[in-house]
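Q:
Right, dumping it as structure tokens:
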């Protein structure tokens, strides 16, 4: 599945994966910036709490977004594939200027929402200029190839990661979250070893990648994002490696980017300062 | 301190950092290969167990090396700087074809042996063709800049690592061990961010880098080594970053190398197959 087509001169909306555990009580830099790119004081944000099985996850984000300056914030408590067809809720998505997907279990997102009118509406909205972001599981689901689960540790191993289809707002990146906190370099390397066309984006907690319509990534938050670019990969042994065996990968380009740094997904160039 | 000079046409001996927990009861690939490059059936191996405070560490390696085919294996139970001047023990080092440094606490190695006749004898021996290897703490001490301790996690942070002078057999690499098992990417990145001249070598457990006189690294063992080459680093924010703050680093080259793969420390080229 490719990203939904943008029409005419309309620009794709921001795609905003967040590494989880974003600050909510302090300066809340990430959520404030998210509201900004949803239209600031004129923003209407729809929250999809489907990944979470905690009942008040959606309501908490409703309150939070309103407190931080959003004009409207509405959680849609979609808990089943049937729910994901409700006309009333689809209308909220169609009128939204921003869509926020909470954390939880990303397989709930892919299994409950995958292929439903809600998933289609989210894809269409983003193609038409609406910002779509998510935290933790909500970040994982944004890309075409979602890491469902995998082993921890720095070294890539064959079968260290399980990829499943996500919402497919972009196929340029593979996203991993809680990156530093859960030691996920190995599984993200494994993911890009399978097919080096995508860029691996490992997000620390309280750290977000704001990806604009021109595919420029800007980092916001207190951690860093780790970018793995395998476009110059000269060798990967993953095709021959036995399950659980370490994988040789040569010539991966690595960038660690803290707040303000940028990465251009078109040219694959990192910039140390905001541009 | 630079590595001791080699004389005339004598070639420097192998330098063999091992990531810790090398196999001893199974195929023992690393220790067997170590004995091979010490002269196989004619090898005389001296063991330095100073990093360890467990009394029989040295004796265990004596038995192990003999069982695996070394001609002689002798542990020198050096526990103080005074011990490190004993004439009798220095003679063992002078006659050795291989020197093996056990695991434990690398600060015991630098504080007890640093600057003593034993450390000087080890440096001279390696310059004259004698293999010097070590596991875990014994690997850390081999290079010029030793990681004494540091934070865990994938993202480099200012002050995430403490470097102290090691034995200085090579200044081309910075070594970290138990790499995958203890999530040490961030601290090794921090170490090379301070001064990108060195190559970061992260060794998984049961994995060794055999570095020959021509500075070609060959990987042996069941894990992988992670090579971080910052020679093309275009930006590091470590000079400005506050303590504990994440560091931006752009354009680090990363290789993950499993058994048989090579890395040339002169040209900084990785090879996927044995050469």
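Residue numbers (my numbering), protein chains in the order written: chain B, -14 to 260; chain R, -14 to 260.
Every residue gets a Cβ at the ideal spot worked out from N, C-alpha and C, and that includes glycine.
In this text, all values refer to a predicted model and were calculated from it rather than measured experimentally.
Measuring only between beta-carbons, confirm whether residue 203 of chain B sits less than 8 Å from chain R.
A: Taking Cβ atoms only, chain R never reaches closer than 8 Å to residue 203 of chain B, which makes this a no.
Q: Looking at chain B, is there any beta carbon in it that lies within less than 8 Å of the beta carbon of residue 231 of chain R?
A: Output row for residue 231 of chain R: interface = yes.
Q: Judging by CA-CA distance, which residue of R:88, R:30, R:232 is the nearest neighbour of residue 74 of chain R?
A: With distances taken between Cα atoms, residue 74 of chain R lies closest to R:30.
Q: Rounded C-beta distance between residue 118 of chain B and residue 19 of chain B? I'm assuming under 8 Å.
A: About 6 Å separates the two Cβ atoms, so the contact holds.
Q: For residue 62 of chain B, which of B:194, B:78, B:35 has the nearest alpha-carbon?
A: Selected option, being the one with the closest Cα: B:35.
Q: In whole angstroms, what separates the C-alpha of residue 196 of chain R from that of residue 243 of chain R?
A: Approximately 15 Å, taken between the alpha carbons.
Q: Among all the DSSP beta bridges, which residues are the ones paired with residue 229 of chain R?
A: Bridge partners of residue 229 of chain R: none, in fact.
Q: How is residue 73 of chain R classed by DSSP in three states: helix, strand or coil?
A: Note: residue 73 of chain R maps to helix in three-state DSSP.
Q: Pick helix, strand or coil for residue 37 of chain B, following the three-state DSSP scheme.
A: Reduced to three states, the DSSP call for residue 37 of chain B is coil.
Q: Under 8 Å between the Cβ atoms of residue 128 of chain R and residue 5 of chain R?
A: Cβ distance not < 8 Å, so residue 128 of chain R and residue 5 of chain R don't count as in contact.
Q: Determine, for residue 168 of chain R, whether the minimum Cβ-Cβ distance to residues of chain B falls below 8 Å.
A: Cβ-Cβ to chain B under 8 Å: yes for residue 168 of chain R.
Q: Looking at chain R, is there any beta carbon in it that lies within less than 8 Å of the beta carbon of residue 18 of chain B?
A: It does not; no Cβ of chain R falls within 8 Å.
Q: I believe residue 143 of chain B touches residue 223 of chain B by the beta-carbon criterion, under 8 Å. Please report the beta-carbon distance rounded to the nearest angstrom.
A: Indeed, because the Cβ distance is near 6 Å, the residues count as touching under 8 Å.
Q: In three-state DSSP terms, what is residue 95 of chain B?
A: It is helical.
Q: Select from the stretch 118 to 149 of chain R all residues with a C-beta closer than 7 Å to any C-beta belonging to chain B, and list them in chain order.
A: Going along the stretch 118 to 149 of chain R in chain order, one finds 138, 139, 140, 141 with a Cβ nearer than 7 Å to chain B.
Q: Residue 7 of chain R to residue 208 of chain R, Cα distance in whole Å?
A: Straight-line Cα distance between these residues: approximately 10 Å.
Q: Taking the alpha carbon of residue 16 of chain R as the reference point, which residue from R:-7, R:51, R:33, R:41 has its own alpha carbon closest?
A: It is R:51 whose Cα lies nearest to the Cα of residue 16 of chain R.
Q: Should residue 199 of chain B go down as buried or exposed, given a rule of 16 or more other Cβ atoms within 10 Å for buried?
A: Exposed: under 16 other Cβ atoms inside 10 Å.
Q: Tell me where the alpha helix (DSSP H) around residue 48 of chain R begins and ends.
A: Residues 42 to 52.
Q: Going by Cα to Cα distance, which pick from B:229, B:187, B:182, B:90 is closest to residue 173 of chain B?
A: With distances taken between Cα atoms, residue 173 of chain B lies closest to B:187.
Q: Whose Cβ in chain B lies nearer than 7 Å to the Cβ of residue 222 of chain R?
A: Within 7 Å Cβ-Cβ: 243, 257.
Q: Can you tell me the Cα-Cα spacing of residue 2 of chain B and residue 125 of chain B, whole angstroms?
A: The alpha-carbon atoms of residue 2 of chain B and residue 125 of chain B are separated by roughly 7 Å.
Q: Taking 8 Å as the CB-CB cut-off, is residue 239 of chain R touching chain B?
A: True, the Cβ-Cβ gap to chain B drops below 8 Å.
Q: Enumerate in chain order the residues of its own chain whose CB-to-CB distance from residue 257 of chain B is below 7 Å, with the five nearest sequence positions on each side excluded.
A: Cβ within range, chain order: 246.
Q: Going by DSSP, which residues form a beta bridge with residue 248 of chain R?
A: According to DSSP, residue 248 of chain R bridges with R:202, R:255.
Q: Can you say whether residue -1 of chain R is buried or exposed, counting buried as having 16 or more other CB atoms within 10 angstroms of its CB?
A: Looking at its Cβ environment, which holds 16 or more other Cβ atoms inside 10 Å, residue -1 of chain R is buried.
Q: So, is the C-beta of residue 260 of chain B closer than 8 Å to a C-beta in chain R?
A: For residue 260 of chain B, the predicted model reports a pLDDT of 40, less than 50, meaning its position is unreliable and no value from the coordinates is stated.
Q: Just checking my contact of residue 140 of chain B with residue 214 of chain R at CB under 8 Å: how many whole Å lie between their CB atoms?
A: Going by Cβ atoms, the distance from residue 140 of chain B to residue 214 of chain R rounds to 17 Å, so no, they are not a contact pair.
Q: With DSSP as the reference, label residue 168 of chain R as helix, strand or coil.
A: Looking at residue 168 of chain R - three-state DSSP - the assignment turns out to be coil, as it is neither helix nor strand.
Q: Take every Cβ of the stretch 231 to 242 of chain B, pair it with every Cβ of the stretch 146 to 161 of chain R, and state whether three or more of those distances are shorter than 8 Å.
A: The stretch 231 to 242 of chain B vs the stretch 146 to 161 of chain R: no contact.
Q: Compile a chain-ordered list of the residues in the stretch 151 to 183 of chain R whose CB is closer than 8 Å to at least one CB of chain B.
A: If the cut-off is 8 Å between Cβ atoms, the stretch 151 to 183 of chain R has 164, 165, 166, 168, 169, 170, 171, 174 near chain B.
Q: Quick one: which chain B residues come within Cβ less than 7 Å of residue 208 of chain R?
A: Ordered by position in chain B, the residues that pass the 7 Å Cβ test against residue 208 of chain R are 140, 231.
Q: Taking CB distances under 8 Å as the criterion, tell me whether residue 4 of chain R reaches chain B.
A: Cβ-Cβ to chain B under 8 Å: no for residue 4 of chain R.
Q: When you compare each of R:221, R:226, R:184, R:219 to residue 313 of chain R by their alpha carbons, which one comes out closest?
A: No information on residue 313 of chain R is available, as it lies outside the stretch -14 to 260 that chain R covers here.
Q: What is the residue span of the beta strand (DSSP E) that residue 9 of chain B lies within?
A: Careful: residue 9 of chain B lies outside any beta strand (DSSP E) and carries neither H nor E.
Q: Given a limit of 7 Å on CB to CB distance, which residues of the stretch 97 to 116 of chain R reach chain B?
A: Per Cβ criterion, the list is empty.
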